[in-house]
Amino acid sequence: MICIGQYQFKGSVTDELKNKPIFLSLINDLNKTERVYQDQIIQQTTTDSLGYFLFEGEQLPTNNSLLRLHIDTCTDTIRNQHFMQTCEDTKSILFLAKNTDSLYFPMSDFGEAFCSIEGTNPIAKGFLDLALIKDAFIHDFTGKETSAEKQLKFNQWFTQFHEFAQTQNEPLLEAYLLFYLGNPTAETYDDYKTFLAELHNQKPIFSTSNPTTLNPNFRAQVNQKLASLGLVTVAVNSTLNVFWIALSIVGVLMVVFVLYRIGKRTSSKAKLTAILTPQELKIAKAIAAQKTNKEIATELFISLSTVKTHINNIYKKLGITDREMLSKYLSD
């Protein structure tokens, strides 16, 4: 019996996968759906001696989530191989479920694992049905088609994919399909982009173009994807926009202030050069460097009395009375 707010996923696997670790992953990034990632795993258990497994918990969202079951023949002593697709006899399945679902993954009549799903969520096996279409799509190409023949086939399959997704009435499945066909590294990318643009002129292709039933994370990913395909413009977050505007204003003010200080210093330097003799200018800079009269005399090879005479002349020309005022004058 399942308590309210608790999921239960159980099933069985082949003999080769008995007593092996099996993983349950929650996928939150539509760019990471083609293999298992360590940061997606939310539970791990081990199949028993008969090949049965069971996952139970309460940590799933209340709406449909994208999940994966994954099992392979790698040992736990080589843990990273689970995530690098280097294991033999790897089995995995994508499916949809929410926190209250009870699902069963039975063996097929031919002794294959993860080929069917039974349970409380009728949309759970949507990805199994989609996988059948994907397999047929891949095997329909011989590699000998002309460019025109290939484009015609692509468009026929794109239409079939979209019609299937819309009959499922599940935005998360549609979102997955958008990322699968819209993968920039796939051979289908350019043709799919053209296909979407043509259909978008007639009506939105995906209900996810206004994905109100997707969680904010997936909604943002879908909008970014549609934008990358040239179908929508992603609005800038207003709070972020205000932040960058404010930061820009501060930056401009800082630049103005720095230029003002540089200009003022340049003006002061020009004024000093015009008023003071070269020797007086050297002495003024030495005073600003906190050097004593004796140190100045030694550096300039002049007498101490000559230094004092020059300092008095500097004070008179600049209208100041002491070293502190001179240092401040030179620093402004």
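Numbered by this note's numbering, the letters in the sequence shown go through residues 5 to 336 in order.
All C-beta atoms in this analysis are idealised placements derived from N, C-alpha and C, irrespective of residue type, glycine included.
Small disclaimer: the values here were computed from a predicted structure and weren't measured.
Counting every other CB atom within 10 Å of its CB across the protein chains shown gives Tyr11 a total of 16 or more, marking it as buried. Remark: C-beta atoms of Pro110 and Gly15 approach each other more closely than 8 angstroms.
Look at Ala101 here: in three-state DSSP terms it is strand.
In the DSSP assignment, Phe141 falls within the unbroken alpha helix (DSSP H) covering 130-143.
The residue among Phe145, Glu153, Leu182 with its C-alpha nearest the C-alpha of Asn227 is Leu182. In this structure, Leu177 and Phe131 form a Cβ contact; the two beta carbons are roughly 7 angstroms apart against a cut-off of 8 angstroms. Residue environment: Phe305 is assigned as exposed (fewer than 16 neighbouring CB atoms within 10 Å of its CB, all protein chains considered). Boundaries of the alpha helix (DSSP H) around Glu303: 297-304. The C-alpha of Ala278 is placed about 23 angstroms away from the C-alpha of Lys295.
Under the DSSP definition of a beta bridge, Ser29 partners with Ile45, Arg72. The C-alpha of Thr171 lies about 22 angstroms from the C-alpha of Leu107.
Looking from the CA of Glu328, the closest CA among Ile253, Tyr41, Ala292 belongs to Ala292. By the Cβ-count criterion, Asn68 is buried, with 16 or more other Cβ atoms from all chains shown falling within 10 Å of its own Cβ.
For a cut-off of 8 angstroms, the C-beta gap from Lys95 to Leu28 is around 13 angstroms, too long to register as a contact. Per DSSP, the continuous alpha helix (DSSP H) segment holding Glu284 begins and ends at 282-292. Under the DSSP assignment, Glu60 falls in the beta strand (DSSP E) whose first and last residues are 56-61. Remark: three or more beta-carbon pairs, one from each stretch, lie closer than 8 angstroms, so the region 59-73 and the region 26-44 are flagged as touching. Taking the C-beta atoms as reference points, Ile121 is found nearer than 8 angstroms to Ala128. Within a 10 Å sphere around the beta-carbon of Tyr56 sit fewer than 16 other beta-carbons, which makes this residue exposed. DSSP links Phe109 through a beta bridge to Gly15.
Taking C-beta atoms under 8 angstroms as the contact rule, Ile318 and Leu330 qualify, at a distance of about 7 angstroms. Leu156 is positioned such that its CB atom lies no closer than 8 angstroms to that of Leu200.
Distance from the CA of Pro282 to the CA of Ala288, rounded to the nearest whole angstrom, comes to 10 angstroms. Within the region 146-197, complete alpha helix (DSSP H) segments of at least 4 residues are found at 151-172, 175-185, given in chain order. The beta-bridge partner set that DSSP reports for Glu202 is empty. The closest CA to that of Asp76, considering only Ala117, Ile253, Ala301, Pro25, is found on Pro25. The straight-line gap separating the alpha-carbon atoms of Phe222 and Ala231 is approximately 14 angstroms. Our two residues, Ile300 and Ile253, have alpha carbons roughly 46 angstroms apart in a direct line. With a beta-carbon spacing of about 6 angstroms, Lys102 and Thr66 fall inside the 8 angstroms limit used to define contacts. Taking all protein chains shown into account, Gln160 has fewer than 16 neighbouring C-beta atoms within 10 Å of its C-beta and is therefore exposed.
Beta-bridge partners of Glu122 (DSSP): Tyr108.
A distance below 6 angstroms between beta-carbons, with the five flanking residues on each side excluded, links Lys148 to no residue of its chain.
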